[in-house]
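Below is one structure, written out as structure tokens; comments come after it.
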Amino acid sequence: MAFEPNTLETMRLIKDLTSIPSPTGNTEQVLAFVENYLKEVGIASTRNNKGALLVRIPGKDDTKQRMLTAHVDTLGAMIKEVKADGRLAINLIGGYRFNAIEGEYCTIETSDGKRYTGTILMHQTSVHVYQDAGTAARDAKNIEIRLDAKVFNREDVAKLGIGVGDFVSLDPRVEIINEEFIKSRHLDDKASVAILLTLLKKLQQDGAELPYTTNFLISNNEEIGYGGNSNIPPETIEYLAIDMGALGDGQASDEYTVSICAKDGSGPYHYGLRKNLVQLCEENGIDYKVDIYPFYSSDASAAIKAGFDIVHGLIGPGIDASHAYERTHRDSLYHTEKLVYAYLFSEIVK
């Protein structure tokens with residue numbers, strides 16, 4: 000079926016999504032946004048006990064089903080300690096490094112919903128004071144938050160209502176450049192969430208009937224490893240995670256194509272499904288790259304590890320500087336959206 004994505008619409012939706020703080024464990028606000036988006040286009044959704052969002056689109060065949068997933072949770076942190084001088088030590092949420100957030104603006108949300116801003120800095124930031132400012136380890140001991148508040152000690156911080164366990168979200172600094180590039184934190188995986196939402200909207204508007212009943216899961220615990228390994232109907236044959244292609248030295252993926260994962264840190268993805276995705280690209284003029292991500296796993300691999308008897312796959316737009324200040328191009332979003340649409344109307348591998 001011919002389909003031309005409105006990629007600029009997708010990019011604007013990505014901007015909306017990345018602007019909503021949602022570190023793993025504190026995703027209610029972004030899930031409510033997604034829930035409302037679906038409601039406005041006439042699509043019902045439900046929540047599971049973990050808080051993730053589920054959508055079921057009936058198809059011609061209900062005995063064989065598919066599941067597609069993308070995740071709204073992002074990297075972030077929690078307050079680990081309030082230091083004697085009023086600075087805040089943090090504990091990271093998700094798989095990233097302290098050097099990727101040095102100098103970043105952030106927001107602390109207290110347990111009663113108050114928000115305070117701050118900056119993530121080395122304790123030894125000033126080169127005029129600390130001789131090791133450039134060489135000291137970027138780690139939990141040295142990285143801290145400087146609050147944008149007049150505090151001198153632990154007691155001052157406590158009076159603000161800030162304490163251990165409060166969530167820290169990173170400023171996304173999202174920008175759309177000349178309607179071509181979008182750069183932001185948390186394109187992993189809000190870019191793919193936006194792709195699924197725009198496709199669900201199109202299916203609803205067109206009244207198109209899918210060949211198989213298809214379940215969509217917007218998960219909220221992927222960054223800690225178990226977002227999409229529940230609520231998989233027993234009729235599910237294929238499970239496709241829409242996440243990201245990781246770019247760097249030795250990688251095939253780029254910012255201008257859809258990335259099809261052959262293998263990641265969890266092992267190979269289903270060979271038959273991978274070949275079917277490649278064939279769909281070649282039949283529909285979709286630019287793609289097949290790639291291996293050595294230090295990566297997905298909600299699809301989490302489902303396999305949980306023991307589900309499914310055919311699993313992983314695709315996504317190519318994202319530069321993953322788990323840092325990320326960027327992708329509209330072409331990559333375009334080809335990813337085209338592939339997901341073609342896949343929805345394709346035959347199941349088995």
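For the sequence shown, position 288 matches number 287 in numbering that gives the first Met the number 0, and the numbering has no gaps at all. For each residue, glycine too, the CB sits at the ideal point set by N, CA and C.
Could you check whether residue j and residue i sit closer than 8 Å to each other, using their CB atoms as the reference points?
i, j, result
"Ile107", "Ile78", "yes"
"Met121", "Arg96", "no"
"Ser183", "Glu336", "no"
"Val40", "Lys200", "yes"
"Leu209", "Phe344", "yes"
"Ala83", "Arg172", "no"
"Thr197", "Glu254", "no"
"Gly244", "Pro316", "yes"
"Leu246", "Ala69", "no"
"Lys63", "Tyr211", "yes"
"Ser352", "Asp290", "Past the boundaries of the shown model lies residue 352; the chain is included only from 0 to 349, so the question cannot be answered."
"Ile161", "Tyr104", "no"
"Ala76", "Val167", "yes"
"Ile144", "Leu91", "no"
"Ile223", "Gly133", "no"
"Ile217", "Val71", "yes"
Under three-state DSSP, which class holds residue i?
i, result
"Lys21", "According to the sequence as given, residue 21 is Ser; it is not Lys. Of the three classes helix, strand and coil, the one that applies to Ser21 here is coil, per DSSP."
"Glu336", "helix"
"Ile161", "coil"
"Met243", "coil"
"Asn177", "coil"
"Gln28", "helix"
"Ser331", "helix"
"Asn275", "helix"
"Phe307", "coil"
"Glu237", "strand"
"Ser229", "coil"
"Ser265", "coil"
"Ala76", "strand"
"Ile223", "helix"
"Phe97", "helix"
"Glu108", "strand"
"Leu84", "The identity of residue 84 in the sequence shown is Asp, whereas the question assumes Leu. Three-state result, Asp84: coil."
"Val54", "strand"
"Arg46", "strand"
"Arg326", "strand"
"Ala139", "coil"
Going by beta carbon distance, what residues of the same chain come within less than 6 Å of residue i, once the five residues before and after it are set aside?
i, result
"Leu239", "Leu67 and Gly312"
"Val156", "Val81, Gly85 and Val150"
"Tyr333", "Pro4 and Thr6"
Looking only at its own chain, which residues have a Cβ that is under 8 Å from the Cβ of residue i, when we skip the five neighbours before and after it?
i, result
"Phe307", "Asn228, Ile231, Thr235 and Tyr238"
"Ala320", "Leu246 and Arg326"
"Asp131", "Gln123"
"Asn47", "Leu53, Ser229 and Asn230"
"Leu279", "Ile285, Leu338, Ala341, Tyr342 and Ser345"
"Glu27", "Gly50"
What does the Cβ neighbour count give for residue i, buried or exposed, with the cut at 16 atoms within 10 Å?
i, result
"Arg329", "buried"
"Gly226", "buried"
"Gly117", "buried"
"Ala51", "buried"
"Tyr270", "exposed"
"Ala31", "exposed"
"Pro267", "exposed"
"Ile176", "exposed"
"Val54", "buried"
"Glu281", "exposed"
"Arg65", "buried"
"Glu346", "exposed"
"Ala190", "buried"
"Asn219", "buried"
"His127", "exposed"
"Asp248", "exposed"
"Asp355", "Nothing about residue 355 can be read from this structure; the chain reaches only from 0 to 349."
"Ser297", "buried"
"Ala1", "exposed"
"Glu221", "buried"
"Asp263", "buried"
I'd like the list of long-range same chain contacts for residue i, defined as Cβ closer than 7 Å, with 5 residues on each side in sequence excluded.
i, result
"Ala193", "Thr9, Leu12, Ile13 and Leu16"
"Arg273", "Ile259, Ala261 and Gly312"
"Ser44", "Glu34, Leu37, Leu52, Leu53 and Val54"
"Gly58", "Glu208, Leu209, Pro210, Tyr211, Thr212 and Thr213"
"Ala99", "His322 and Ala323"
"Tyr129", "Gln123"
Since residue i contacts residue j with CB under 8 Å, what's their CB separation in whole angstroms?
i, j, result
"Leu357", "Pro20", "This structure leaves residue 357 out entirely; the chain is present only between 0 and 349."
"Ile350", "Val257", "Residue 350 is absent from the model: the chain starts at 0 and stops at 349."
"Leu7", "Glu174", "Rounded, the Cβ-Cβ distance is 14 Å, inconsistent with contact."
"Glu187", "Ile318", "Sequence inspection shows Asp at residue 187; the Glu mentioned does not correspond to that position. Between Ile318 and Asp187 the Cβ distance is about 6 Å, and since that is below 8 Å, they are a contact."
"Gly309", "Ala301", "The question names Gly, but residue 309 in the sequence shown is Ile. Wrong, their Cβ atoms sit about 11 Å apart, outside the cutoff."
"Asp147", "Thr109", "So it is not a contact: roughly 14 Å between Cβ atoms."
With respect to 7 Å, is the separation between the Cβ of residue i and the closest non-hydrogen atom of the ligand MN below this value?
i, result
"Phe151", "Absence of the ligand MN from the depicted structure is noted, as is the absence of any ligand whatsoever, leaving it without description."
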